[in-house]
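K.L.:
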Amino acid sequence: MSTFNITLDPAQIEFVVKPGVTLTQAYNVTNNSSETISLNTVVLPWEPVGIDGNVNYQNVAQNPNITFSLLNADLKLGQSFMLAPNSKQQIVLKISSTQNTGLNDYYYTFFVTQNPQSGFGADSSVSQAYGQIGSHILLSVSNTENPTALASIRNFSISPRFKDIFFTPVAFTAEIKNNSNNFFKTQGKLTITKNDRKIAETELKNDNVLAHHSRALNCKDQESCVLNPPFWPGHYTATLALDQSLGGEQASISFFVFPFSLLAFSISILLLILLFRKITKSIFHSKK
Numbered sequence: 216m217s218t219f220n221i222t223l224d225p226a227q228i229e230f231v232v233k234p235g236v237t238l239t240q241a242y243n244v245t246n247n248s249s250e251t252i253s254l255n256t257v258v259l260p261w262e263p264v265g266i267d268g269n270v271n272y273q274n275v276a277q278n279p280n281i282t283f284s285l286l287n288a289d290l291k292l293g294q295s296f297m298l299a300p301n302s303k304q305q306i307v308l309k310i311s312s313t314q315n316t317g318l319n320d321y322y323y324t325f326f327v328t329q330n331p332q333s334g335f336g337a338d339s340s341v342s343q344a345y346g347q348i349g350s351h352i353l354l355s356v357s358n359t360e361n362p363t364a365l366a367s368i369r370n371f372s373i374s375p376r377f378k379d380i381f382f383t384p385v386a387f388t389a390e391i392k393n394n395s396n397n398f399f400k401t402q403g404k405l406t407i408t409k410n411d412r413k414i415a416e417t418e419l420k421n422d423n424v425l426a427h428h429s430r431a432l433n434c435k436d437q438e439s440c441v442l443n444p445p446f447w448p449g450h451y452t453a454t455l456a457l458d459q460s461l462g463g464e465q466a467s468i469s470f471f472v473f474p475f476s477l478l479a480f481s482i483s484i485l486l487l488i489l490l491f492r493k494i495t496k497s498i499f500h501s502k503k
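Note that the working numbering has the sequence shown beginning at 216, numbered continuously upward.
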């Protein structure tokens, strides 16, 4: 069985358009396998699920004011086509909206699907692997080129609240809520201060936050926002600040660092010294 091995470029497209506008997008589909494959195309709507970027395609209604078609002279949307080994096919997708299209976001995926049928190579009895690859389409319909974005911060928290100077990093979690009708990219900073002195600062990852949904906080240089030890003992403040283009909301939270491990080590040494003195004293008295 040959493996499913095709690539689709670009992996995601984002547009802000006025109602009634028609636009096009060229995709490159590459067959990276050694077999000729049969492919098909389809565009499906989806809706966001949860705060981690997941999507749902089940029971999502098509918007009659937005239609899709292909501009290829020899290919229609939903029509099968053959792609030779290690070759590339350009597919041009046409996206049309009517004047009645509502001023909202619309989310789709352009899928290229491998047909589940026998191989077309030298051994036609070998069945090919079935699979599909998709490119997300984020479509904002707006009367302005830069729709107004309004974000809020929810559930900003830290773990642990009280920590040791050496062990376990400090993890920050939050949700960025989109209170507007159009998606935006997260922009802002997470700043850590101690006694009003900046200790660390990191920019937020430019994740898409979809209309009227929330996205989990991520930092640009890492999957999660984490401050790693060691730390000086004391009182710290973490401030999450969104960019002014998103409304400029801020939220702060405090945490404390204590020398628990040093205290535990000192107490252990003290107990060992006391125990050693007790044993030494006992041995000394037993020799008398």
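The beta carbon of each residue, even a glycine, is placed where N, CA and C say it ideally should be.
Looking at C-alpha atoms only, which residue of Thr239, Thr256, Asp320 is the closest neighbour of leucine 425?
P.N.:
Of the listed residues, the one whose Cα sits closest to leucine 425 is Asp320.
K.L.:
For threonine 237, list the residues DSSP reports as bridge partners.
P.N.:
Looking at the DSSP assignment, threonine 237 forms a beta bridge with Ser311.
K.L.:
What runs of the beta strand (DSSP E), each 3 residues or longer, lie entirely inside the stretch 350-408?
P.N.:
Counting whole runs of 3 or more residues, the stretch 350-408 contains the beta strand (DSSP E) stretches 366-374, 377-379, 385-393.
K.L.:
Thinking C-alpha only, which one of Ala276, Ile306, Asn301 is nearest leucine 290?
P.N.:
Taking only the C-alpha atoms, the option nearest leucine 290 is Ile306.
K.L.:
For lysine 392, I'd like the list of residues in its chain whose CB is within less than 6 Å of its CB, leaving aside the five on either flank, ordered along the chain.
P.N.:
So the list reads Ser367, Arg369, Ser429, once near-sequence residues are dropped.
K.L.:
Using only CA atoms, which one of His427, Gly349, Phe371 lies nearest to asparagine 243?
P.N.:
With distances taken between Cα atoms, asparagine 243 lies closest to Gly349.
K.L.:
So what's serine 249 in DSSP terms, helix, strand or just coil?
P.N.:
If DSSP states are grouped into helix, strand and coil, serine 249 belongs with coil.
K.L.:
For leucine 420, which beta-bridge partners are listed by DSSP?
P.N.:
Checking the sequence, you will find lysine at residue 420 rather than leucine. Its beta-bridge partners do not exist; DSSP assigns none.
K.L.:
Looking at C-alpha atoms only, which residue of Cys440, Tyr322, Lys404 is the closest neighbour of asparagine 269?
P.N.:
Nearest C-alpha to asparagine 269: Tyr322.
K.L.:
Checking contacts by CB at 8 Å: is proline 362 closer than that to chain C?
P.N.:
Considering every chain present, this structure includes no chain C. It has just one protein chain.
K.L.:
Kindly indicate which three-state DSSP category serine 429 falls into: helix, strand or coil?
P.N.:
Reduced to three states, the DSSP call for serine 429 is strand.
K.L.:
Which one of Leu432, Phe470, Leu457 has the shortest CA to CA distance from proline 448?
P.N.:
Cα-wise, what sits closest to proline 448 is Phe470.
K.L.:
Please report how far the alpha carbon of threonine 222 lies from the alpha carbon of threonine 406, in whole angstroms.
P.N.:
Whole-angstrom Cα-Cα distance: 39 Å.
K.L.:
Give the C-beta separation of threonine 316 and proline 234 to the nearest angstrom, bearing in mind that I take them to be a contact with Cβ-Cβ under 8 Å.
P.N.:
Correct: roughly 4 Å between the Cβ atoms.
K.L.:
I need the boundaries of the beta strand (DSSP E) containing phenylalanine 219, first residue and last residue.
P.N.:
It is not in any beta strand (DSSP E) - phenylalanine 219 carries neither H nor E in the DSSP assignment.
K.L.:
Run through the stretch 249-313 for me and flag every whole beta strand (DSSP E) of 3 or more residues, listed as ranges in chain order.
P.N.:
Qualifying beta strand (DSSP E) stretches, in chain order: 252-260, 262-264, 269-271, 281-285, 296-298, 303-312.
K.L.:
Which same chain residues end up closer than 7 Å to serine 460 when comparing Cβ atoms and leaving out the 5 residues on each side of it in sequence?
P.N.:
So the list reads Ala364, Gln402, once near-sequence residues are dropped.
K.L.:
Do you know whose CA, among Val257, Thr328, Thr388, Thr359, lies nearest valine 441's CA?
P.N.:
Comparing Cα positions, the closest option is Thr388.
K.L.:
Report yes if the C-beta distance between alanine 431 and phenylalanine 371 is below 8 Å; otherwise report no.
P.N.:
No, the Cβ-Cβ distance between alanine 431 and phenylalanine 371 is not below 8 Å.
K.L.:
What's the C-alpha gap between asparagine 358 and valine 232?
P.N.:
Their backbone Cα atoms lie some 8 Å apart in a straight line.
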